[in-house]
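Residue numbers (the numbering used here): -10 to 87. Every residue gets a Cβ at the ideal spot worked out from N, C-alpha and C, and that includes glycine.
Below is the structure:
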C-alpha cells in the first residue's frame, strides 16, 4: 500500500497508509493519459487510524498559468469537500465522469 510522503516538518500522521480503490485508481490514471498536460489537483478523503481513504480527485480551473506561476480557483475544492461530507459512503469507480 502506498504511503504519504514525509518532507520537511510534517504532522505526526505523515506517512500513514493511503487507500486507493483499484478501479478508481485506473479511472484516475486513464484521465491523466487522456489529457497529457500538467495540471494541479487535490485528493479529497478521510483520515482514520493511521490510514487515509481517498474518495475524490478535484482539478480546479486554473486562473493563472505561466512557466513560473500558477493559480487555481480553490472554491471548487471546498464545494466538493462539503458535498462528500454529506455523503456517508462515496464510491468512484469506472463510470465516474471525466
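Check	Outcome
Sorted by chain position, which residues of the same chain lie with C-beta nearer than 6 angstroms to residue 60's C-beta, five sequence neighbours on each side aside?	52, 53
Confirm, please, whether the CB-CB distance from residue 49 to residue 33 is below 8 angstroms.	no
When DSSP labels each residue in this structure, what does residue 72 get in the three-state scheme?	helix
In angstroms with no decimal places, state the Cα-to-Cα distance between residue 19 and residue 38.	30 angstroms
Drop a sphere of 10 angstroms on the beta-carbon of residue 72, count the other beta-carbons inside from all chains shown, and report buried for 16 or more, exposed for fewer.	exposed
Which runs of the beta strand (DSSP E), 3 residues or longer, sit entirely within the stretch 8 to 73?	31 to 37, 40 to 47, 51 to 54, 59 to 61
Whose C-beta lies closer than 6 angstroms to the C-beta of residue 68 among residues of the same chain, with five residues either side of it excluded?	none
Just the Cα atoms here: how many angstroms apart are residue 47 and residue 57?	22 angstroms
Return no unless some Cβ of chain B is closer than 8 angstroms to the Cβ of residue 72.	Judged by its chain identifiers, the structure shown contains no chain B, having just a single protein chain.
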